[in-house]
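At position 27 of the sequence shown (counting the first as 1) the number is 154 in my numbering, and the numbers step up by one without a gap.
Idealized CB from N, CA, C, for every residue including glycine.
Worksheet: the structure to be examined is printed underneath.
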Amino acid sequence: MSLPEVHLIGGTRPEAVKLAPVALAMRDAGLLTPVLVASGQHPAMVSQALAAFDLTPDVTLRVERGTGSQAELLTEMIRQLDALWAQRTPAAVLVQGDTTTSLAGALAAFWRRIPVVHLEAGLRSGDLDSPFPEEANRRLVAQVAALHLAPTPLAAMNLLDENIATADVLITGNTVVDATLAVAGRRLPFENPQVAAARTAAGGRRLVVVTAHRRESWGAPLDRILAAVRRLVERYADIDVILPSHPNPAVRAQVEAGLGGIERVTVTDPLPYPDLSRLLSEAYLVLTDSGGIQEEAPSFGVPALVLREVTERVESLHAGCALLVGSDTDLIVSEASALLDSRVRRDAMTAGGNPYGDGLAAARTAQATAALLGLAPAPSPMPTGISSATTATFGASF
Numbered sequence: 128m129s130l131p132e133v134h135l136i137g138g139t140r141p142e143a144v145k146l147a148p149v150a151l152a153m154r155d156a157g158l159l160t161p162v163l164v165a166s167g168q169h170p171a172m173v174s175q176a177l178a179a180f181d182l183t184p185d186v187t188l189r190v191e192r193g194t195g196s197q198a199e200l201l202t203e204m205i206r207q208l209d210a211l212w213a214q215r216t217p218a219a220v221l222v223q224g225d226t227t228t229s230l231a232g233a234l235a236a237f238w239r240r241i242p243v244v245h246l247e248a249g250l251r252s253g254d255l256d257s258p259f260p261e262e263a264n265r266r267l268v269a270q271v272a273a274l275h276l277a278p279t280p281l282a283a284m285n286l287l288d289e290n291i292a293t294a295d296v297l298i299t300g301n302t303v304v305d306a307t308l309a310v311a312g313r314r315l316p317f318e319n320p321q322v323a324a325a326r327t328a329a330g331g332r333r334l335v336v337v338t339a340h341r342r343e344s345w346g347a348p349l350d351r352i353l354a355a356v357r358r359l360v361e362r363y364a365d366i367d368v369i370l371p372s373h374p375n376p377a378v379r380a381q382v383e384a385g386l387g388g389i390e391r392v393t394v395t396d397p398l399p400y401p402d403l404s405r406l407l408s409e410a411y412l413v414l415t416d417s418g419g420i421q422e423e424a425p426s427f428g429v430p431a432l433v434l435r436e437v438t439e440r441v442e443s444l445h446a447g448c449a450l451l452v453g454s455d456t457d458l459i460v461s462e463a464s465a466l467l468d469s470r471v472r473r474d475a476m477t478a479g480g481n482p483y484g485d486g487l488a489a490a491r492t493a494q495a496t497a498a499l500l501g502l503a504p505a506p507s508p509m510p511t512g513i514s515s516a517t518t519a520t521f522g523a524s525f
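Okay, here's the thing in C-alpha cells:
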C-alpha cells in the first residue's frame, strides 16, 4: 500500500535548502511520501540546491515569463499547481516561508481543500513595505494554513497574537540549521574555482563574507555597503573578503565597479550551497542582508552585521549574535572594526548559541505533518536555551 503523498513546494534556492532536510526526514520516518515540486520561479537554482542533498525535483513546472511581474508569476503558478493537483491530489501541501511560490502553493491547495502546512511561519517585520512583498505573502499564507510550524518562540507568539489557534502552532526550529550543519560538516571541496583559489591563497588572513542580494539594497544602499567594504580592506591587511554577487547584470556591474580589482576581495557568481556553508564555517565575520545567513551564521559561532534597516529575524538581535547596521557606511565600518579589533568581543556575540534551531527541525516537521494526517502523535516543540555545542552535535548526525 502506497504512503500518502505530501507535496513540498519550492521555487527559490532558500526554499530548496530548507525543504531538503524535511524531504529526507519524511523519507526516513516512513509514514509519508515526500514529493518535491519545483514551481518554476528559479528552476536552475532549485535543482542546484537540492543536488547538495542528493535530491532532485520530482515535478518541475514550466512557468512562462512575459512581463516578469509578480502578478503574472503568481497566477501562472496557481494555474499549473491546480492542474497538477487535479490529476495528482496530495494528502497535504507544505510551503516554506514567504515567497511568491509559497503564496501560490498555499492558495492553490486551499482552493482544492488540501491541508496547507506552513514551514517557517510567524515571521513578522510589522511593515508591509519591508520586506516587500514577503511580509504580505506570509501574512496571507497564515490565513489559509492548517498547521503553522514556527521556527522560534517569538514567531509562535506572533501567530497567537493574530488569533491563530494554539493547537495549530508548533515551534520546530528552522530547518536551515539542519541543512547548513549537515552540508558544512561534510567539508566538501569548493566547487567555485575563484573561491578555492582565494581560500588557498589566504594563508592566515581572516575571512569576511559579504552578501547584499535583497532588492531594497540595490542602488545607493549597495554603493554605501561597497564603500564600507573598501574601507575595511584598506584598514585591515589581515582580512580577505568574498562577496557572492546577485546574478542581476546591473547589480553585478555595480559590485564590480565598487570592488573590482581590489586586492584581497573576491567577487563571485552566486555560490553552490556547499561552498556558501563552508565559507560560513570558516568566516570570522559576516556582513549580510540575507535572512537565511542570519539564521545559519550563529551555528558556526560567526557574528553577523545585518545590512538592513529592519529585520523580521529579531531573535538573533536579542541573542546578541547579530547587529543591525543598515547601509550606513560609517556605522558598518565602526561595528565591523570593533569586532575585528577584539576577538573577545567577537566571540562573546555568539556565545549563547543559535536561537533558530537545534538541528532537529526537519524531524519535528515530518512528525507534525504526519500527526496532522492522523498518522503519528504530535511531536514536542523545540526546547529553548539551545547551546552551540548541542546544535553542532545534532547537526553532525543529520
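Ile366 sits in a strand when the DSSP states are folded into three classes. With fewer than three CB-CB distances shorter than 8 Å, the region 235 to 251 does not count as touching the region 168 to 180.
Taking 8 Å as the upper bound for CB-CB distance, Arg333 and Ile366 are in contact here, some 5 Å apart.
For Arg333, there is no enclosing alpha helix (DSSP H); the enclosing beta strand (DSSP E) covers residues 333 to 338. Under the three-state reduction of DSSP output, Ala503 falls in the coil class, being neither helix nor strand. Per DSSP, the continuous beta strand (DSSP E) segment holding His275 begins and ends at 274 to 277. Taken atom to atom, the span from the alpha-carbon of Thr438 to that of Leu451 is near 8 Å. By the CB criterion at 8 Å, Val222 and Val186 fall outside the cutoff. Val429: not part of any alpha helix (DSSP H); DSSP gives it neither H nor E.
Distance from the CA atom of Arg491 to the CA atom of Pro278, rounded to whole angstroms, is 11 Å. Around the beta carbon of Asn264, a 10 Å sphere encloses 16 or more other beta carbons of the protein chains shown; the residue is thus reported as buried. Short of 6 Å from the beta carbon of Gln207, and not among the five residues preceding or following it, lie these beta carbons of its own chain, in chain order: Leu188. Under the Cβ criterion (8 Å, minimum of three pairs), the region 474 to 494 does not count as touching the region 371 to 383. The three-state reading of DSSP puts Gln223 in strand, counting E and B together.
Here the alpha carbon of Ile298 sits roughly 16 Å from the alpha carbon of Leu146. Distance from the Cα of Ser417 is smallest, within the candidate group Leu281, Ala339, Gly447, for Ala339. Considered as a whole, the region 401 to 473 harbours 412 to 415, 431 to 433, 449 to 451 as its complete beta strand (DSSP E) runs of no fewer than 3 residues, in chain order. Non-local beta-carbon contacts of Cys448 in its own chain, meaning distances under 8 Å to residues more than five positions away in sequence, involve Ala424, Pro425, Pro430, Ala431, Met476, Thr477, Gly479, Asn481, Pro482 in chain order.
The alpha-carbon separation between Pro397 and Ser344 amounts to approximately 16 Å. Of the residues Ala465, Ala219, Gln214, the one whose Cα lies closest to the Cα of Pro161 is Ala219.
CA-CA distance, Leu281 to Gln421, rounds to 16 Å. Exclusion of the five residues before and after Pro148 leaves Thr302, Asp305, Ala306, Ala489 as the residues of its chain whose Cβ lies within less than 6 Å of its Cβ. Counting other Cβ atoms within 10 Å of its Cβ, Val394 reaches 16 or more and is therefore classed as buried. Note on Thr327: under 16 other CB atoms within 10 angstroms of its CB, so exposed under the neighbour-count rule. If you check the CB distance, Val271 and Leu286 do not come in under 8 Å.
Within the region 175 to 261, the runs of beta strand (DSSP E) that reach at least 3 residues and sit entirely inside it are, in chain order, 219 to 223, 243 to 246. Inclusion of Glu142 and Thr227 in the CB contact set at 8 Å is not warranted, their separation being larger than that value. Taking a contact as a CB-CB distance under 8 Å, the pair Ile352 and Leu434 counts as one, their CB atoms being some 6 Å apart.
In terms of Cβ geometry, Thr496 and Val244 form a close pair [threshold 8 Å]. When secondary structure is reduced to three states using DSSP, Leu163 falls in the strand class.
Taking 8 Å as the upper bound for CB-CB distance, Ile136 and Val164 are in contact here, some 5 Å apart.
Per DSSP, the beta bridge partners of Gly137 are Ala165.
Taking C-alpha positions only, Ser464 is separated from Leu370 by approximately 18 Å. Annotation: Leu315 is outside any beta strand (DSSP E) and is labelled neither H nor E by DSSP. C-alpha of Arg379 to C-alpha of Gly300: approximately 34 Å in a straight line. A residue is called buried when at least 16 other Cβ atoms come within 10 angstroms of its Cβ; Arg440 meets this threshold and is buried.
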